[in-house]
Amino acid sequence: MVNTNNQYSKMSTDVVIEKTIFASVMDNGFWHRWIVHGIDEEFIKENKSKMISLKGWTETLAGKALEYTKVAGRFEERNDFFQAEHNYRKAAIYYNLAQWVFPEPSRERIDWYKRCVKQTHLADQVSEDTINHHTLSICGKKYVGRVRIPKGTLLGLVILVIPIDSTKEEFFLYEQDFAKKGFVVISFDGTGQGETLLIHGHKADIKSFEQFTQGIIEFAYQNFPDLSINLFGTSSGGAWAIEASKNSLVSKTAVVSPPPKSKSTIKLPDYFIVRMSNMLVDIKEDCLPLFETVEEIDNILMFHGGKDLLVNKDELLELFNRFAQEKRFLTYDEEGHCCNFKLPEIRRRVSEWFKGGNIHDI
């Protein structure tokens with residue numbers, strides 16, 4: 000459970016934004032997530048000093064997004080659709096980071112997020128893959144997502160289970176990597192995430208997230224009954240991928256830095272707790288699976304960063320050891336939470352296993 004305090008609920012939106020931006024200035028690790036998801040490291044070095052206020056944050060990011068949009072348009076005019084798609088997606092990730100700084104579903108945040116979604120759809124239109132958009136109704140809630148179907152022989156299906164503080168658009172590199180390997184990729188915003196939160200207003204709790212993951216697995220099976228269904232998740236998305244893997248329709252599951260529900264608490268910065276409170280039905284209840292019965296779980300590959308300050312390795316191993324075979328636990332000693340700078344390698348290794356490779360050889 001997240002360690003909370005009543006003082007955080009009294010923190011104003013302006014203060015939360017100030018603390019978020021201050022963290023971006025003082026903590027180099029803050030940027031790791033965004034660098035590996037598409038924000039240019041050189042851009043951060045050159046512009047971090049301009050992003051010390053809300054106006055500076057949004058205007059600087061929007062300026063870079065506009066640059067990528069114009070470049071994408073020129074490539075599209077020349078029928079270079081590969082580069083057009085790449086640049087539209089780069090524009091989207093900058094708009095995504097612009098909206099992310101806002102802790103609550105305000106009109107301003109929604110407007111920035113809609114720009115992200117627009118660029119994503121422009122990228123989808125020029126992609127050589129078939130990309131379909133869906134809004135699913137699961138237990139009375141509307142979930143928004145996408146399905147990417149690559150050309151050529153389909154080798155299976157991967158459902159991306161994304162962390163609570165993320166959107167499906169943020170994970171475009173994951174989507175592209177698995178699609179290149181021949182997998183259909185399904186990615187939806189769960190409760191508390193992306194369009195499901197900002198457009199439809201659905202916050203997350205354990206019950207709704209369990210319903211969501213099971214509903215997406217059923218959707219995958221109904222639409223692609225001949226393909227193996229595999230799950231890939233990071234951080235809290237990894238925890239929910241583990242829980243969802245109990246579904247008999249799931250073939251294999253790979254997770255990175257999943258927080259185990261345990262006696263210890265996850266210590267998050269105060270500003271981040273306030274952010275979480277706007278995504279969850281009840282911040283005191285948290286939104287992680289309980290892992291009460293995991294002995295039936297098998298065919299699971301788990302990655303851990305040796306320098307992870309959020310997930311305790313001993314607790315994670317305690318959970319892992321309860322799984323049935325086939326399973327494997329891999330540690331990157333120099334990586335932190337989510338093994339950020341090893342993610343391309345992890346996705347490659349996971350793809351080989353999903354395709355039928357031996358779990359101990361990948």
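So for the sequence shown, numbering that gives the first Met the number 0 puts the first residue at 0; every next one is plus one.
Even glycine gets a Cβ: it sits at the ideal position worked out from N, Cα and C.
Handout entry: Arg77 - DSSP class collapsed to helix/strand/coil
Key = coil
Exercise for the section: State the beta-bridge partners of Gly304 as determined by DSSP. Expected result: Tyr331
Problem - Neighbourhood of Arg348 by C-beta, 7 Å cutoff - its chain only, sequence neighbours within 5 removed - result: Ile361
Exercise for the section: Would you check if the distance between the CB atom of Met278 and the CB atom of Asp164 is smaller than 8 Å? Expected result: yes
Handout entry: CB contact flag (Gly155, Phe182, <8 Å)
Key = yes
Exercise for the section: Go ahead and label Ala323 buried or exposed: buried means 16 or more other beta carbons lie within 10 angstroms of its beta carbon, across all protein chains shown. Expected result: exposed
Exercise for the section: Closer than 8 Å by C-beta to Ile20: which residues in its own chain qualify, once you throw out the five before and the five after it? Chain order, please. Expected result: Met50, Ile51, Ser52, Leu53, Trp56 and Val100
Problem - Inter-residue spacing [alpha-carbon to alpha-carbon] between Ile272 and Arg77 - result: 47 Å
Exercise for the section: To the nearest angstrom, report how far apart Lys69 and Gln118 are at their CA atoms. Expected result: 11 Å
Problem - Rounded separation between Lys140 and Cys337 - CA only - result: 29 Å
Problem - Check whether Arg88 and Asn339 have beta carbons under 8 Å apart - result: no
Handout entry: Among Val280, Glu169, Ile148 and Leu60, the one whose alpha carbon lies nearest that of Gly191
Key = Val280
Exercise for the section: Quick one: grab the DSSP three-state call for Lys179. Expected result: helix
Practice task
Give the secondary structure of His336 by DSSP, where H, G and I count as helix, E and B as strand, and everything else as coil.
Solution key: helix
Practice task
Give the secondary structure of Phe101 by DSSP, where H, G and I count as helix, E and B as strand, and everything else as coil.
Solution key: coil
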